[in-house]
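Notes follow once the structure below has been shown.
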Amino acid sequence: MIPPTMVAHPYDPVRREQAEEKQIANLKEVKRTRDNREVARLLKELEEKAKKEEENLIPHFIECNKAYVTEQEMCDVLRGVFGEFKPPSL
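For the sequence shown, this note's numbering assigns the number 7 to the initial residue and increments by one for each residue that follows.
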């Protein structure tokens, strides 16, 4: 059996880099053309709703997605409310 470190990567590195550049350009365009006031409002609303234990956030996530709020932006808000998981040390 060939060790995993000896197996060539299945994707062409040039094509992978081109795809990454295209995705970054697309994301910049989305952020440039979306309604950023609405995005800010929805993120603030997400923060307020996340602080309420009884609140179902799924409908709000859907509204955020409709306004082109990125997953990273939503996760940043949630990290601010809940913190980050840190496994217990032994």
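Heads up, the beta-carbon is just placed ideally off N, CA and C, and yes, glycines get one too.
Which word fits residue i, buried or exposed, when buried means at least 16 other C-beta atoms lie within 10 angstroms of its C-beta?
{"i": "residue 87", "result": "exposed"}
{"i": "residue 96", "result": "exposed"}
{"i": "residue 70", "result": "buried"}
{"i": "residue 83", "result": "buried"}
Given residue i, which residues of its chain have a CB within under 8 Å of its CB, disregarding the five upstream and five downstream residues?
{"i": "residue 50", "result": "none"}
{"i": "residue 55", "result": "61, 63, 66"}
Measure from the alpha carbon of residue i to the alpha carbon of each residue in the options, then state which is nearest.
{"i": "residue 34", "options": "90, 92, 75", "result": "75"}
{"i": "residue 37", "options": "78, 53, 52, 64", "result": "78"}
{"i": "residue 68", "options": "60, 52, 59", "result": "52"}
{"i": "residue 47", "options": "91, 80, 16, 90", "result": "80"}
Excluding the 5 residues preceding and the 5 following residue i in the sequence, name in chain order all residues of the same chain whose CB lies nearer than 7 Å to its CB.
{"i": "residue 57", "result": "87"}
{"i": "residue 40", "result": "73, 74"}
For residue i, which residues of its own chain have a beta-carbon under 6 Å away from its beta-carbon, when the five flanking residues on both sides are left out?
{"i": "residue 44", "result": "73"}
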